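Before any comments, here is the structure.
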Amino acid sequence: MIGRGVGDFNKQQVGDNEFQRLCFVLHSPDQEIVGGILGETYWDWLYIYLLWVKEELRGRGHGHHLLTIAEQEARQRGAKNAYLDTFSFQTPDFFLKHGYQAFGELEKFPSGHQRYFLKKAALKQAWC
Numbered sequence: 004m005i006g007r008g009v010g011d012f013n014k015q016q017v018g019d020n021e022f023q024r025l026c027f028v029l030h031s032p033d034q035e036i037v038g039g040i041l042g043e044t045y046w047d048w049l050y051i052y053l054l055w056v057k058e059e060l061r062g063r064g065h066g067h068h069l070l071t072i073a074e075q076e077a078r079q080r081g082a083k084n085a086y087l088d089t090f091s092f093q094t095p096d097f098f099l100k101h102g103y104q105a106f107g108e109l110e111k112f113p114s115g116h117q118r119y120f121l122k123k124a125a126l127k128q129a130w131c
């Protein structure tokens, strides 16, 4: 009820958000799930909720591939920009290398770490 009320109010203010979920999964040759990206598009934006690649497969371009295809799909849906959040113990540098810029930080979240908020303006055509 509360979510619907907020959604109805938002729609009156700025129109339909055209919300769509986004999911791409990376499988091993024997069909084990070894990575994936989850997100959603709305109001001309891509929000990346999760990006994960199995630890022993990192550094081989799988994360780049997942991010690229998610951005391409978002562009096809009309997204012009992207945003996400990540922690200092995860891989903020990965996203910075892919054109994302920090626009916010929560210190000591959790204690001893930071939570970063990143955005990428003007999603561009890219090829895997």
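When we follow my numbering, the leftmost residue of the sequence shown carries the number 4, and every step to the right adds one. The beta-carbon is built from N, C-alpha and C at its ideal position, and this holds for glycine as well. Computed from a prediction, not measured in an experiment: that's the story for all the values here.
In this structure, DSSP gives D33 a state outside helix and strand, which the three-state scheme calls coil.
R78 carries a helical assignment under DSSP once its states are collapsed to helix, strand and coil. According to the DSSP assignment, K111 belongs to no beta strand (DSSP E), since it is labelled neither H nor E. If you draw a straight line from the Cα of K123 to the Cα of H68, it is about 17 Å long. Taking E58 as reference, the option from G38, Y52, W46, G42 with the minimal CA-CA separation is G38.
R7 carries a helical assignment under DSSP once its states are collapsed to helix, strand and coil. Residue pairing from DSSP places Q104 in a beta bridge opposite K122. Per DSSP, W48 is one residue of the beta strand (DSSP E) stretching across 48-56.
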